[in-house]
Structure formats: structure tokens, C-alpha cells
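First residue of the sequence shown: 1, per our numbering; consecutive thereafter.
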Amino acid sequence: SALRSAIRDRRSEVMITLEAEVVKVLPDDDEGSRHQRLLLVLDEPVGQVDTVLIAHNIDLADRVPCAEGERVTVRGQYEWNDKGGVIHWTHHDPKGWREGGWIEHRGVRYE
């Protein structure tokens with residue numbers, strides 16, 4: 001998959017789609033644009049990486065009402081880091097300059 005390759009090759013700026021379980025709902029990041037933060041556990045770890053952070057901009061998209069143990073599908077831009085990486089741009093691009101992303105939860109798409 002694109003995510004497995006990006007993690008293995010330490011690549012960033014890769015648009016990916018991932019379905020995974022929410023293992024932790026973290027406190028919002030309120031520095032600058034507000035982001036809802038979710039930690040997803042990968043169904044199949046890549047080396048030592050078994051989780052990825054989702055940073056969902058709640059100034060541009062609605063908050064996803066999910067809880068730990070639920071599955072979500074995420075479309076966004078992966079950025080590699082030594083903790084497993086982060087997926088952001090999980091929302092529309094208000095300027096229309098790039099592909100937007102989204103999060104689906106219980107049949108509803110948040111973008």
C-alpha cells in the first residue's frame with residue numbers, strides 16, 4: 001500500500017487512504033489552527049511502526065464524533081516522522097489548490 005511504502009521509505013507528502021481502528025483519542029491541538037488528534041493502530045505494523053497520528057483541522061471541517069475502538073477511513077497527506085508519521089489534510093482545500101481529504105465514520109464523511 002502507499003502508506004506501507006511511505007513509512008518504509010521515510011517519504012512525505014504522499015496522499016493515502018487508510019482504514020484503521022482508533023486506539024486513542026488525544027486532546028485537541030489548539031496551537032494555530034485547531035486540530036482533532038486521533039491515534040490509529042495499523043492492522044499490519046511496518047517494522048517498528050504500529051500507529052499513525054491523524055491531525056484533522058476542525059477549523060475547516062467538522063469534528064469526527066468517534067471513540068476508541070471504532071474504525072474510521074481516512075484520506076489525507078502522510079508526513080513521515082520517527083514516531084510513525086502523521087496524516088493531515090483530512091479536509092477540503094478551501095482555496096481549491098490541491099486534492100482534499102476526508103474522514104469517514106459510521107457512513108458520514110467529514111471533509
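Idealized CB from N, CA, C, for every residue including glycine.
All figures in this text were calculated on a predicted structure; none of them were measured in a lab.
DSSP bridge partner residues for residue i (one or two, in chain order)
i, result
"Asp29", "His35"
"Asn57", "His35"
"Thr73", "Glu19 and Glu104"
"Lys24", "Leu39"
Burial state of residue i (16 or more Cβ within 10 Å)
i, result
"Thr90", "buried"
"Gln36", "buried"
"Trp102", "buried"
"Gly85", "buried"
"Val72", "buried"
"Arg75", "buried"
"Val18", "For clarity, residue 18 is Leu in the given sequence; the question names Val instead. By the neighbour-count rule (16 or more Cβ atoms within 10 Å), Leu18 is buried."
Assumed close pair residue i, residue j - CB separation to whole angstroms, cut-off 8 Å
i, j, result
"Trp80", "Ala6", "6 Å"
Residue closest to residue i, alpha-carbon to alpha-carbon, out of the options
i, options, result
"Val41", "Leu60, Met15, Lys83 and Ile58", "Lys83"
"Asp28", "Arg11, Ala67 and Asn57", "Asn57"
"His105", "Arg11, Pro94, Pro65 and His92", "Pro65"
"Ser33", "Asp59, Glu111, Leu26 and His92", "Asp59"
"Gln48", "Arg4, Tyr78, Arg98 and Glu68", "Arg4"
"Lys24", "Glu111, Asp43, Gly100 and Val52", "Val52"
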